[in-house]
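> Protein sequences, first through last, are from chains A and B. The first sequence begins at 1 in the numbering used here and counts up one residue at a time. The second sequence begins at 1 in the numbering used here and counts up one residue at a time. From the three backbone atoms N, C-alpha and C, an ideal C-beta is built for every residue, glycine too. All of these numbers come straight from a predicted model, not from anything done at the bench.
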Amino acid sequence: MVKEIERAGIPVVHMCTVVPISLTVGANRIVPTIAIPHPLGNPSLTMEEEKDIRRNLLTKALKALETEITEQTVFEK
Amino acid sequence: MLKVVHYINQFFANIGGEEMAHVPAEVREGIVGPGLAFQQAFGEEAEIVATIICGDSYFNENLEEAKQTIINMVKKYSPDLFIAGPAFNAGRYGVACGTIAMAVRDELNIPVLSGMYRENPGADMFKNSIYVVSTKNSAAGMRDAVKKMAPLALKLAKGEKVGASAEEGYMPNGKRVNFFEKERGSRRAVNMLIKKLNGKEFETEFPMPDFDRVDPNPAVKDITKAKIALVTSGGIVPKGNPDHIESSSASKYGKYDIDGIMDLTEADFATAHGGYDPVYANLDPDRVLPVDVLREFEKEGKIGSIHRYFYTTVGNGTAVKNSKAFAEEFAKELLADGVDAVILTST
Chain A
1 MVKEIERAGI PVVHMCTVVP ISLTVGANRI VPTIAIPHPL GNPSLTMEEE
51 KDIRRNLLTK ALKALETEIT EQTVFEK
Chain B
1 MLKVVHYINQ FFANIGGEEM AHVPAEVREG IVGPGLAFQQ AFGEEAEIVA
51 TIICGDSYFN ENLEEAKQTI INMVKKYSPD LFIAGPAFNA GRYGVACGTI
101 AMAVRDELNI PVLSGMYREN PGADMFKNSI YVVSTKNSAA GMRDAVKKMA
151 PLALKLAKGE KVGASAEEGY MPNGKRVNFF EKERGSRRAV NMLIKKLNGK
201 EFETEFPMPD FDRVDPNPAV KDITKAKIAL VTSGGIVPKG NPDHIESSSA
251 SKYGKYDIDG IMDLTEADFA TAHGGYDPVY ANLDPDRVLP VDVLREFEKE
301 GKIGSIHRYF YTTVGNGTAV KNSKAFAEEF AKELLADGVD AVILTST
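#1: DSSP puts Ser249/B in a beta bridge; with which residues?
#2: Thr67/A versus chain B: which residues are under 8 Å apart at the beta carbon?
#3: By the 10 Å Cβ neighbour count, where 16 or more other Cβ atoms means buried, how is Arg29/A classified, buried or exposed?
#4: Name the DSSP beta bridge partners of Ile34/A, please?
#5: On the CB-based measure, 16 or more other CB atoms within 10 Å of its CB, does Ile8/B come out buried or exposed?
#6: Between which two residues does the beta strand (DSSP E) harbouring Ile236/B extend?
#7: Counting beta carbon pairs with one atom in the region 160-168 of chain B and one in the region 105-115 of chain B, are three or more of them shorter than 8 Å?
#8: Below 9 Å between beta carbons: does that hold for Gly30/B and Ala50/B?
#9: Can a CB atom of chain A be found closer than 9 Å to the CB of Lys251/B?
#10: Determine which residues of the region 109-137 of chain B have a Cβ less than 8 Å from any Cβ of chain A, and write them out in chain order.
#11: Compare the C-beta of Glu71/A against all C-beta atoms of chain B and say whether one is closer than 9 Å.
#12: In angstroms with no decimal places, state the Cα-to-Cα distance between Tyr301/B and Ile228/B.
#13: Look at the alpha carbon of Phe310/B and the alpha carbon of Asp259/B, and state the distance between them as a whole number of angstroms.
#14: I need the DSSP call for Gly254/B, collapsed to helix, strand or coil.
#15: To the nearest angstrom, how far is the alpha carbon of Glu6/A from that of Arg213/B?
#16: Going along the chain, which unbroken runs of the alpha helix (DSSP H) with 4 or more residues stay wholly within the region 83-159 of chain B?
#17: Given a threshold of 16 other Cβ atoms within 10 Å of its Cβ, counted over all protein chains shown, does Phe206/B qualify as buried or as exposed?
#18: Whole-angstrom Cβ separation of Tyr253/B and Thr312/B, contact assumed at under 8 Å?
#19: Taking its Cβ as the centre, do 16 or more other Cβ atoms sit within 10 Å of Gly380/B, making it buried, or is it exposed?
#20: Can you list, in chain order, the residues of its chain with a C-beta nearer than 7 Å to that of Lys155/B? Leave out the 5 residues immediately preceding and following it.
#21: So Lys332/B contacts chain A; which residues on that side make the cut at Cβ distance below 9 Å?
In structure tokens, the structure reads:
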């Protein structure tokens, strides 16, 4: 899906946990996330701490969308 | 007798499904689960001396640690061969099988073999590095998989010469092997043409390389003015799954209105995905589709706005052809609706 959205001309950031899969599939802007069943959260923390994680990850995603790239780029943790 | 160590996941070890995908690696003496079919096929020639079991999520989330632990486990048995899977169309399992098999070969110098369905992401990642036998897309194809994998396994363990992919059943790995075809070229070509004219499936002998890459689009100029759409393969849907998106092998996607919704809650949303433990996503769907924080960003002016609809499907054994078609269709709508950027989340 990520590739078809990109092909349509819309910049897209892929937020996922298993980065090697994202690279194989062909996503260009990739932000690694926490875990497979809860990419943007962590149930072992409090709700507020989880939201902080989410804020951080989404800030990174926005930054990825604002960054000019020429090849597949993983925006590390 | 040749010694074999077998790697399987928590599901095939009968430990449990997605709710147990977090279990770390353990080793058991002898055969577990699908090892039985391999053992029968090996007969007196080889013995599965140990089975290593690891949860799919554990492996993929703790890559380095899992790899090292499992390599140490394998080393103890100094086997003649390491088999991982078959993983069929289970994505994380396929990636785990390929990763660990390649690591075992590189670190311990032992021949390795895996098996998976051609659309498993692990297939593209590893078919050029290790022998990956092409299997059917579900465990119903176990018998067929073992029939192809067992003879190749014995060959590898004995250090015998491995034939071409078409003869041995592994996925083409880019290496050319000479062999004699039973029929001559002109006959094969005509047979192919007849099949094609009849609309039947045929297999080319000269596949074109598959370089399906899309160049990155230019960056968003001003994110604080941008209209951002949320898309997910994590299966988040309104509670009750009104469009009945399948929990695996999805044949459709959903488009749902989040106008005025500040937070995805347990009461109104849930996941339809059958390929990961749904407990955490069901308790708080924002963990997969982060509407709550994105609304905050919208209010604070960090982004322009959130697009009124989100698009969702279940990325669990879903055919590449289907997901491609879904996104081709809804990307047009996103464009028409003036969406500037997309955040796509996957589980």
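Here's the rundown:
#1: Ser249/B is not bridged to any residue.
#2: Those are Ala219, listed as they occur along chain B.
#3: Burial call: buried.
#4: Paired residues: none, contrary to the question.
#5: By the 10 Å Cβ count, Ile8/B comes out buried.
#6: Ile236 to Pro238 is the span of the beta strand (DSSP E), which, as asked, contains Ile236/B.
#7: No, the region 105-115 of chain B does not touch the region 160-168 of chain B.
#8: Against a cut-off of 9 Å, the Cβ pair of Ala50/B and Gly30/B comes out as a contact.
#9: According to the sequence provided, residue 251/B is Ser. The question's Lys does not apply to it. Not an interface residue.
#10: Those residues of the region 109-137 of chain B placed with their C-beta closer than 8 Å to a C-beta in chain A are Pro121, Asp124 and Met125, ordered along the chain.
#11: Cβ-Cβ to chain B under 9 Å: yes for Glu71/A.
#12: Note on identity: in this sequence residue 301/B is Gly, with Tyr being the wrong assignment. Distance between the alpha carbons of Gly301/B and Ile228/B is about 13 Å.
#13: Each residue's alpha carbon lies about 10 Å from the other.
#14: Taken through DSSP and simplified to helix, strand or coil, Gly254/B comes out as strand.
#15: Computed Cα separation, rounded: 10 Å.
#16: Segments of the alpha helix (DSSP H) lying fully in the region 83-159 of chain B: 91-108, 121-126 and 142-158.
#17: Phe206/B comes out exposed.
#18: About 6 Å separates the two Cβ atoms, so the contact holds.
#19: With chain B covering only 1 through 347, there is no way to say anything about residue 380/B.
#20: Listed in chain order, the non-local C-beta contacts of Lys155/B below 7 Å within the same chain comprise Val162, local neighbours out to five positions each way being set aside.
#21: Listed by position along chain A, the residues whose Cβ is nearer than 9 Å to that of Lys332/B are Ala8.
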